[in-house]
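Going by full-length UniProt numbering, the residue at position 78 of the sequence shown is 78; the numbering climbs one at a time, nothing skipped.
Glycine included, each C-beta is placed from N, C-alpha and C at the ideal position.
All values derive from a computational prediction rather than experimental measurement.
Remarks on the structure that follows.
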Amino acid sequence: MPPSLAGYPTPDPEYVRKKKRRDALLALAERSGWEIGYQDEVWWSRVSQPSLHSWSEQDEPLRLQELSKDKNDPDPKALACYAMLSATSGRMHLRFVSGRPVSQVTTDFLEWLCEQVQAQGKHVLVLIWDNASWHVSKQVKTWLREHNQTVLQKASTDTPDVRIIPCWLPTKSPWLNRIEPKWAHGKRAIVEPARLLTAREVRQRVCNYFGCEQAELLTQKIS
1 MPPSLAGYPT PDPEYVRKKK RRDALLALAE RSGWEIGYQD EVWWSRVSQP SLHSWSEQDE
61 PLRLQELSKD KNDPDPKALA CYAMLSATSG RMHLRFVSGR PVSQVTTDFL EWLCEQVQAQ
121 GKHVLVLIWD NASWHVSKQV KTWLREHNQT VLQKASTDTP DVRIIPCWLP TKSPWLNRIE
181 PKWAHGKRAI VEPARLLTAR EVRQRVCNYF GCEQAELLTQ KIS
């Protein structure tokens with residue numbers, strides 16, 4: 001029978017092996033002073049309201065209005081973003097997307113992440129993430145292999161790049177990714193009960209909540 005945790009069964013027959021690899025990489029990274037990052041993507045809806053429990057004045061319960069998008073509203077109904085939670089600093093590295101998560105956007109995000117990790121003086125990133133198609137695609141795996149080969153070739157230089165050690169989690173095991181709970185808390189924190197936020201307002205509120213600067217949008221290139 002597949003193992004389970006906190007009442008969540010996983011259909012992945014390789015759960016035990018993959019979890020052991022994750023745990024071993026985490027231990028190695030901690031001993032070696034490497035960066036550990038939990039990565040994921042999420043959609044921030046401008047229309048759907050999250051489940052919310054809140055304190056309010058007696059006889060004045062907080063009410064979330066049902067929102068709708070005007071036909072002349074130029075902003076999308078939902079905004080996608082990529083993020084990585086640093087296990088060492090607790091910092092969130094976040095980029096919103098013009099478009100949706102695809103392999104090309106993933107590699108653009110990884111390249112940017114390497115710059116962030118390098119700026120912290122670290123040269124190895126253990127990347128914990130799930131099996132989304134834009135994580136396991138041939139394009140992404142080829143990019144990772146070629147990137148790491150280039151890093152090894154430049155290892156003796158004065159400015160070595162960041163090597164990425166990817167760790168794909170077992171299928172449907174969100175409890176192994178520490179970034180997952182951040183999304184639910186964030187969506188409750190940025191809620192606007194009575195009006196539709198603009199895309200700019202959503203991005204700003206998300207970045208304010210997570211304490212990160214609003215970086216340039218990642219762009220899905222349409223060929």
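**Request:** Express the C-alpha separation of Ser98 and Ile222 in angstroms, rounding to a whole number.
**Result:** To locate residue 222, count along the sequence shown from 1; it is residue 222. To locate residue 98, count along the sequence shown from 1; it is residue 98. Near 11 Å, if we compare the C-alpha coordinates of Ser98 and Ile222.
**Message:** Using only the alpha-carbon positions, how far apart do Leu218 and Arg22 sit?
**Reply:** Sequence index remark: in the sequence shown, residue 218 carries index 218 (1-based). Sequence index remark: in the sequence shown, residue 22 carries index 22 (1-based). Rounded to whole angstroms, Leu218 to Arg22 spans 28 Å at the Cα level.
**Asked** Who are the Cβ neighbours of Lys187 in its own chain at under 6 Å, not counting the five residues just before and after it?
**Response** In the sequence shown, residue 187 corresponds to position 187, counting from 1. Cβ neighbours of Lys187 beyond the five flanking positions: Pro50.
**Asked** What do you get for Glu213, buried or exposed, if any count of 16 or more other CB atoms within 10 angstroms of its CB means buried?
**Response** Start at 1 with the first residue of the sequence shown, and residue 213 comes out as number 213. The residue in question, Glu213, is exposed, as its Cβ has fewer than 16 Cβ neighbours within 10 Å.
**Item:** Ser89, enclosing alpha helix (DSSP H) - first and last residue
**Value:** As a working note, residue 89 is residue 89 in the sequence shown. Per DSSP, Ser89 lies in no alpha helix (DSSP H) segment and is marked neither H nor E.
**Prompt:** Within 10 angstroms of its Cβ, does Ser86 collect 16 or more other Cβ (buried), or is it exposed?
**Reply:** Locating residue 86 in the sequence shown gives position 86, where the first residue counts as 1. Ser86 comes out buried.
**Message:** What does the alpha-carbon distance come out to for the pair Arg195 and Ser137?
**Reply:** On the sequence shown, residue 195 is found 195 positions in, with the first residue counted as 1. On the sequence shown, residue 137 is found 137 positions in, with the first residue counted as 1. When rounded, the distance between both Cα atoms is 39 Å.
**Prompt:** Is Lys20 near Asp12, with beta carbons less than 8 Å apart?
**Reply:** What you label residue 20 is simply residue 20 of the sequence shown in a count that begins at 1. What you label residue 12 is simply residue 12 of the sequence shown in a count that begins at 1. Asp12 sits away from Lys20, with the two beta carbons spaced by 8 Å or more.
**Message:** Closer than 8 Å is the cut-off here; do at least three beta carbon pairs connect the stretch 66-80 with the stretch 94-113?
**Reply:** Touching, per the Cβ criterion.
**Request:** State the DSSP-derived secondary structure class of Met1, mapped to helix, strand or coil.
**Result:** Counted from its first residue, the sequence shown places residue 1 at position 1. Residue confidence for Met1 is low, a pLDDT of 36 falling below 50, so the modelled location carries little weight and cannot support an answer.
**Prompt:** Is it buried or exposed for Gly33, if we count other Cβ within 10 angstroms and need 16 for buried?
**Reply:** The residue labelled residue 33 in the question sits at position 33 within the sequence shown. Looking at its Cβ environment, which holds fewer than 16 other Cβ atoms inside 10 Å, Gly33 is exposed.
**Request:** Would you mind sorting Ser103 into buried or exposed? The rule is 16 or more other CB atoms within 10 Å of its CB.
**Result:** Translated into positions along the sequence shown, residue 103 becomes position 103. Result: buried.
**Request:** Mark Glu30 as exposed unless 16 or more other C-beta atoms lie within 10 angstroms of its C-beta, in which case mark it buried.
**Result:** Here residue 30 corresponds to residue number 30 of the sequence shown, with the count starting at 1. Looking at its Cβ environment, which holds fewer than 16 other Cβ atoms inside 10 Å, Glu30 is exposed.
**Prompt:** Under a three-way DSSP split, which group does Val42 fall into?
**Reply:** The sequence position of residue 42 within the sequence shown is 42, counting from 1. Look at Val42 here: in three-state DSSP terms it is strand.
**Prompt:** Given 8 Å as the limit, is there contact between the stretch 164-184 and the stretch 122-135, that is, 3 or more CB pairs closer than that?
**Reply:** With the cut-off at 8 Å, the stretch 164-184 and the stretch 122-135 touch.
**Message:** Could you give the first and the last residue of the continuous alpha helix (DSSP H) run that contains Arg17?
**Reply:** The residue given as residue 17 occupies position 17 in the sequence shown. Membership of Arg17 in the alpha helix (DSSP H) is indicated by the continuous run Tyr15 to Ser32.
**Request:** Could you tell me whether any Cβ in chain B is nearer than 8 Å to the Cβ of Lys71?
**Result:** Although the question refers to chain B, the structure presented lacks it and comprises just one protein chain.
**Prompt:** Among all the DSSP beta bridges, which residues are the ones paired with Cys81?
**Reply:** Reading the sequence shown from its first residue, position 81 is the one you call residue 81. DSSP lists Val42 and Phe96 as the bridge partner or partners of Cys81.
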